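Using the working numbering, you'd call the opening residue of the sequence shown number 3 and step up by one each time. Think of the CB as a built atom: it goes at the ideal place given N, C-alpha and C, for glycine as much as any other residue. Quick caveat: nothing in here was measured; it's all calculated off a predicted structure. Each remark here refers to the structure printed beneath this line.
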Amino acid sequence: MFRTFLLVALWCGACVPGAWAAPIVFTPPPGTTTLVSSVIGEARSVIFEVTDPVTITTAGIELTPHLESFRLQAQLFQVDPTNFDRATPVATSAIHDFTATDRAFYDVPFVVTMLPGFTYELVIQPPVEGGFGMEKFTIHFWEFQGFPPESPQNEPFTVGVFRILDGGGSDDVSGASNFLLAPFQVTVGDAATAVVPEPASALTAATIGLITLYGMRRRWNRSVPSSPSNLRQ
């Protein structure tokens, strides 16, 4: 009885919407060369298409900061699929503050929907008023060249609904013609994303489920009329 109750409790906890949406990391195929570099330029970006409509809720880049506090902002552009030049701004996130120096993914809240049939460029950078670019960070790049689009050195690769075409950037990075791809990740917020409890969150899921079932049982007990056999003699 307890085993069944616990399994149902875990199921109820796991059904809490959006609780464990895992980030999707744009990782190239095995064997892609990894480089470590301090970077130049105002921004780093990733150029991609989507195979199905998708909404993201965060966008992040893996960095090792060389300052204790910094700010990041995300932007999304539509780009020309024939040459990867930026064509149309789509959305810009709010500026997000960070206080850390560890190598990690730094995620910016960024809710935006993308559709098949378009080519996009996701840009993450310190805000312009910050007075510095990406030279304050170290990035572990992949050596990946998707430019020119008609005959890329590296073939596109797919992660989930995202088809990654190239890495890019701004200022001295030379746009998509550079040969580096920074580590990016996004969190998808639509119903197509599998929501899987992480091991560390299993107890939380069970707790939520137990509380839910306890409340349901109390309401059920109050709604069942007492029979003569249940009345105190």
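Considering only the beta carbon of each residue, do residue i and residue j sit closer than 7 Å?
| i | j | result |
| --- | --- | --- |
| S172 | A45 | yes |
| A184 | I49 | no |
| F79 | P67 | no |
| I58 | V188 | yes |
| M136 | V41 | yes |
| S47 | G170 | yes |
| L124 | A61 | yes |
| F134 | L65 | no |
| F28 | I166 | yes |
| V56 | V190 | yes |
| L74 | Y108 | yes |
| I63 | F186 | yes |
| I26 | A76 | no |
| D82 | A89 | yes |
Helix or strand or just coil, what does DSSP make of residue i?
| i | result |
| --- | --- |
| G211 | Note that G211 has pLDDT 42, beneath the 50 cutoff, so the model's placement of it is unreliable and the number below is only indicative. Of the three classes helix, strand and coil, the one that applies to G211 here is helix, per DSSP. |
| A178 | helix |
| E157 | coil |
| E137 | helix |
| N232 | For N232, the pLDDT reaches just 40, beneath the cut-off of 50, and the residue's location in the model is therefore unreliable, leaving the point undetermined. |
| V52 | strand |
| V163 | coil |
| V38 | strand |
| N223 | In this prediction, N223 has a pLDDT of 48, which is less than 50 and means its spatial position is unreliable; what the coordinates show is noted afterwards. The answer is helix: DSSP assigns N223 an H, G or I state. |
| A204 | Because the pLDDT of A204 is 39, which lies under 50, any placement of that residue in the model is unreliable, and the number read from its coordinates should be weighed accordingly. Here A204 sits in helix by DSSP. |
| A23 | strand |
| G33 | coil |
| G43 | coil |
| G169 | strand |
Using the DSSP secondary-structure output, state which residues sit across from residue i in a beta bridge.
| i | result |
| --- | --- |
| Q127 | Q75 |
| E238 | Past the boundaries of the shown model lies residue 238; the chain is included only from 3 to 235, so the question cannot be answered. |
| T189 | T60 |
* What are the start and end residues of each continuous beta strand (DSSP E) run of 3 or more residues lying completely inside the segment 58-121, in chain order? -> 71-81, 88-94, 98-101 and 106-116
* **Segment contact flag, the segment 90-104 with the segment 136-152, C-beta cutoff 8 Å, min 3 pairs** => no
* Three or more C-beta pairs closer than 8 Å, one from the segment 106-118 and one from the segment 152-162: is that the case here? -> no
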